[in-house]
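What follows is a short report on a single structure.
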Amino acid sequence: MNNKPKAAPTAIKKSAGTRVFNGISYVLLAFGAIVCVLPFIIIVSGSFTDNVTILKQGYSLFPRDFTLEAYRTIFRSPKDIIQAYKMNVYYTVVGTSIGLTMIALTGYVISRQEFKYRNTVSFLIYFTSIFGGGMIPWYLMYANVLNLKGHTLAIWFPALMSPFLVILMRTFIVGAVPNAITESAKIDGAGHFTIFFRIVLPVLKAGLATVGLFLALGYWNDWYRSSMFSTNSSTWQLQFYLYDLLNATTAMKQMASNVSMKTADLPTESVKLAMAVVATGPVLLFYPFVQRFFVSGITVGAVKG
Amino acid sequence: MKKRFFGVIMSLVLIAAMLTGCAGSGSKSAAEQLDQQGVVDIPVNNDQKTPAGTSSDGNTAKGTDLSERVDLVFYVMGDAPKDEELVEAALNEKLIEKCNATVDMQFSTWTEFQQKYANEITSQGADLIYIANWLNYGLLASQGAFVELDDMLNTVAPELKAMVGDNMLNMCKVDGKIYAVPNTWAEYVSNGLKYREDLRVKYNLPVPDSLENLEAYLAGIKANDPTQGLLTVTTEESQGFKTAFDAAWVLNFKYPWVNANGLDYGLTANYDTPSDVYDYWFSTDFEDDMKMLKRWADQGFWSKSALSDTNNSDAYKNGLCVAEVAGQNPNKQITAIADFTNAGEGWQSAYIAYGEKHNVIYPGHATQNGTAIVRGCKNPERALLVLQALLCDDEINSIMQYGIKGVHYTVENGIYKNLQEEKGETVTFPYEGFNTWNLRNGATKLPQATDVELQKMFDKYAEIGSKTKFPNVNIYDGFSENYETYSAERSAVSNVMRQYLAPFEAGLVDDVDAAIAEFRTKVKDAGLDKCREEYKKQWLDYCNEYNYK
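Top line first, the protein sequences correspond to chains Z and E. Residues in the first sequence are numbered consecutively from -9, following the numbering used here. Residues in the second sequence are numbered consecutively from 175, following the numbering used here.
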């Protein structure tokens, strides 16, 4: 007997068309990936390069005259940047936790079929994302009406709820929690809070992670509210601290007619790059672990039913 | 039925939203329009919206009612110094004694300062505020952002009025009323050219004090050292309506214009005859000048990619260029001297003001640095009184400008010396640490070590300036343009300038005549005539008002 049973095929044979398509896709995606990662590599390498070399020879992929001078400059008087870091962490933690709570509660309420006015409330929330009063009324509201200028509240309060995230949360809940479950819980005598905490919340983990991530990243990267509302540099966010440093440098150099400050003290190119690395470094390390939530979160709204 | 109706309304609302979005700036508030025009508010923010006492309505007679303590906010530009609290406390101690008021300094930082300045004025968060012509003082004043000071100066602050002088105060008049108090230090912010003196001596080249000599200087360096970068000119300093490329600034050597690079929209006038406005862009002089610039570009004075380069402000310091021709005022020369001394390679920088060639030099306009009181301030008289103390009282002014004597600074041979800098420590309160350039008192200002050199230049310019037709008067910088009626044409003209004027001003076209012809057609099509007509009218009205004939 010499017919050994043929081994079952372990892979689906790909047609030539598929292979070509795969090949092209890989090339394009690789190209896209390089384009995205290249600037960052240049920033990191620049932060390790001697400043004069950058000015004379421009940026490069690998540090030419390796030096730690830029980082030494930053950490010589690290008080300011550490304060900015602390404030940033504070705003992110406080803002994300309170915002997430509010968004989850709101999303839950407007997802309930028995809530008579849920369409009105949803509409009102959508409405604010289309029509806004504009920048000046927004500013006057916080500075004059609520009198929050200079307060840390003015920095994290305005971004607690965004219509997009509320709708996202609502969609999550509608998708993840079928009516039958909540109805049966109600029949068993559960009150609203019980339903929310014991039935809805546990299945909502992916939704919470996504919305929480959006919120946290929004808070971490924000600088605009610091710019508008803070009156003291001790309440600045990290990104604003860096951005302001860059702007101060540019402004000083252009306004030498009015400013008697020595331009030699302003941060050099390599120091600016090092600051960028210091500010984004932690986020970069944290991101790969939560990346999958972003992808699933963005597409969840697209799937109906 | 109800749903259908609702749906129809929703679609109408959305369409309306789309249309209003396209309409653009129609519905913006005055402040937002101010922002668009680059008006920056330097409001000094105070945490308190209402002051401790009620507004001091009191008699505006000399004996102003000082019984209630008032807390004022003074908004200035830039960043706060590290010792902000310390110096503010010392300052307020003296101010309470004198005026029963305190001052809280608030800073705009350099991020979005234009927006924040506008916000401060709109929200009336500040009492005293820094003003400057580059913060659209004229436009703001005419829109009612500030309190009129005419009467108050006579009743509340006669000492201040006497010190500043009617001449300077008149330059701060808008629509016939005074809205700001300028500082009293005469500063020459003339434009000029700074160049490497050591290279000139090394290669035995002429002093570049005219177009011919500048060409010889640059060509000479190139002949001796072909790899040396000559000019790193870009379009950065030329974003307005006068030129589109920085190299064109050298033309100031040729013309005795009323302002560097003439007036806007290709019009110009000479300093001696400011009301006599003539056309530059459509003249044969313009064609000759552009051909000259092309010759320079062909000789390799600047790089072929100059149109897309961004400004490298460290180029001169690092030897990437041998001269800078655009936006160079005397202070930048002083900085360059300091940079070269620090670098210690024996390089030397020299400076020539364009105005020296034709003897047209004038100091900075009074509105270069001034102080105004924001409309809506609850204690305008007290604010003015405090301003008087800040400017006229030497002790208070010194604290404001220099910090605490013995801690931050000391005076040696009449020159300011920063104690912390000397010891190599971090400077917690530098010279003019509060960025209060508007509180400089010309009579008592302490010179820094670098100011000695600066003062020599200023003395030279003062001498030239006193012999001009309008002695030591800066005609142009007091003018502010109101372009609301032709802002669309204005934007179009700007686009045409960036696209068609820049290339041949940079000498980077093959056929200059064709390029000029194309530019001239295109700019007329964009609405140049309308801009010119309005602008000329406003300029002539301005000249009439101040008698610049």
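Glycine residues also receive a C-beta, built at the ideal position from the N, C-alpha and C atoms. All of these numbers come straight from a predicted model, not from anything done at the bench.
Report task. Tell whether a beta-carbon distance below 9 Å holds between A489 of chain E and T406 of chain E. Result -> In this structure, A489 of chain E places its C-beta atom within 9 Å of the C-beta atom of T406 of chain E.
**Report entry** Residues near F38 of chain Z in its chain [Cβ-Cβ closer than 6 Å; skip 5 each side]
**Finding:** Closer than 6 Å at the Cβ level, and outside the excluded window around F38 of chain Z, lie P53, F56.
Query raised in the report: Whose C-beta lies closer than 8 Å to the C-beta of M184 of chain E among residues of the same chain, with five residues either side of it excluded?
Result: none
Query raised in the report: Q103 of chain Z to I171 of chain Z, Cα distance in whole Å?
Result: Going from the Cα of Q103 of chain Z to the Cα of I171 of chain Z covers about 13 Å.
Query - Per-residue contacts from Q280 of chain E into chain Z (C-beta, under 8 Å) - result: Those are T221, listed as they occur along chain Z.
Query raised in the report: Does DSSP classify V164 of chain Z as helix, strand or coil?
Result: helix
Query raised in the report: Which parts of the region 522 to 559 of chain E are runs of the beta strand (DSSP E), unbroken and 3 residues or longer, counting only runs that do not cross its ends?
Result: 523 to 527, 544 to 547
Query - The alpha helix (DSSP H) enclosing V261 of chain E, as first and last residue numbers - result: First-last of the alpha helix (DSSP H) with V261 of chain E: 258 to 273.
Query raised in the report: What number of angstroms, rounded off, separates the C-alpha of Y231 of chain Z from the C-alpha of L334 of chain E?
Result: 39 Å
Report task. Would you please verify whether the beta carbon of M265 of chain Z is less than 9 Å from any beta carbon of chain E? Result -> no
Query raised in the report: Enumerated in chain order, which unbroken segments of the alpha helix (DSSP H) with a length of 4 residues or greater are wholly contained in the region 45 to 83 of chain Z?
Result: 59 to 66
Report task. Say whether chain Z places a C-beta atom closer than 9 Å to the C-beta of D632 of chain E. Result -> Correcting the residue type first, residue 632 of chain E is Phe in the shown sequence and not Asp. Residue contact with chain Z for F632 of chain E: absent (no Cβ-Cβ distance below 9 Å to any residue of chain Z).
Query raised in the report: Under 7 Å Cβ-Cβ, which residues of chain Z neighbour A254 of chain E?
Result: S223
Query raised in the report: I think R549 of chain E touches A319 of chain E, with their Cβ atoms under 8 Å apart; what is that distance to the nearest whole Å?
Result: Contact flag correct, Cβ pair sits at about 6 Å.
Query raised in the report: Using the beta-carbon of each residue, which ones in chain Z are nearer than 9 Å to T276 of chain E?
Result: None at all; the shortest Cβ gap to chain Z is about 16 Å.
Query raised in the report: What residues in the region 118 to 138 of chain Z bring their beta carbon closer than 9 Å to a beta carbon of chain E?
Result: I120, F121, G124, M125, I126, P127, Y129, L130, A133, N134, N137
Query raised in the report: So, using beta-carbon positions, are I589 of chain E and L620 of chain E closer together than 9 Å?
Result: Their beta carbons are under 9 Å apart, which means I589 of chain E touches L620 of chain E by this criterion.
**Report entry** Proximal residues to V182 of chain E (C-beta, below 8 Å), its chain only, five neighbours per side dropped
**Finding:** So the list is empty, once near-sequence residues are dropped.
Report task. Throw me the rounded Cβ distance for the L205 of chain Z and L155 of chain Z pair, which I believe falls under 8 Å. Result -> 7 Å
Query raised in the report: What first and last residue would you give for the alpha helix (DSSP H) that runs through I185 of chain Z?
Result: In the DSSP assignment, I185 of chain Z falls outside any alpha helix (DSSP H), carrying neither H nor E.
Report task. Look up I120 of chain Z in the DSSP assignment and give the residues it is bridged to. Result -> None; I120 of chain Z has no bridge partner.
Query - Uninterrupted alpha helix (DSSP H) stretches inside the region 662 to 716 of chain E (no shorter than 4 residues) - result: 676 to 679, 686 to 699
Query - For I305 of chain E: DSSP bridge partner residues - result: Answer by DSSP bridge pairing, in chain order: E:G544.
Report task. Could you tell me which residues DSSP puts in a beta bridge with L441 of chain E? Result -> Looking at the DSSP assignment, L441 of chain E forms a beta bridge with E:D453.
Query raised in the report: Given 8 Å as the limit, is there contact between the region 686 to 698 of chain E and the region 449 to 463 of chain E, that is, 3 or more CB pairs closer than that?
Result: With the cut-off at 8 Å, the region 686 to 698 of chain E and the region 449 to 463 of chain E touch.
Query raised in the report: Would you call the CB atoms of K468 of chain E and F678 of chain E closer than 9 Å?
Result: In this structure, F678 of chain E lies closer than 9 Å to K468 of chain E by Cβ.
Query raised in the report: Name the chain E residues that come within less than 9 Å of V42 of chain Z, Cβ to Cβ?
Result: The answer, in chain order, is N492.
Report task. State buried or exposed for S725 of chain E, treating a residue as buried only when at least 16 other CB atoms are found within 10 Å of its CB. Result -> The structure shown does not extend to residue 725 of chain E, since chain E is modelled only from 175 to 723, so the question has no answer here.
Report task. Report buried or exposed for N592 of chain E, applying the criterion of at least 16 other Cβ atoms within 10 angstroms of its Cβ. Result -> By the neighbour-count criterion, in which a residue is buried when 16 or more other Cβ atoms sit within 10 angstroms of its Cβ, N592 of chain E is buried.
**Report entry** chain Z residues whose Cβ lies nearer than 9 Å to that of G299 of chain E
**Finding:** A133, N134, K139
Query raised in the report: Quick check: the region 514 to 521 of chain E against the region 441 to 450 of chain E, are there 3 or more CB pairs under 8 Å?
Result: no
Report task. Find out if the Cβ-Cβ distance for the pair N357 of chain E, L565 of chain E is shorter than 9 Å. Result -> yes
Query raised in the report: Quick one: what does DSSP say Q562 of chain E is sitting in, helix, strand or coil?
Result: helix
Report task. Would you tell me roughly how many angstroms separate the C-alpha atoms of P278 of chain Z and Y129 of chain Z, rounded to the nearest one? Result -> 36 Å
Report task. Using a Cβ cut-off of 7 Å, pull out every chain Z residue sitting near D488 of chain E, in sequence order please. Result -> L45
**Report entry** Under the three-state DSSP convention, the category V213 of chain E falls into
**Finding:** The predicted model places V213 of chain E with a pLDDT of 37, which falls under 50 and marks its position as unreliable, so this point remains unresolved.
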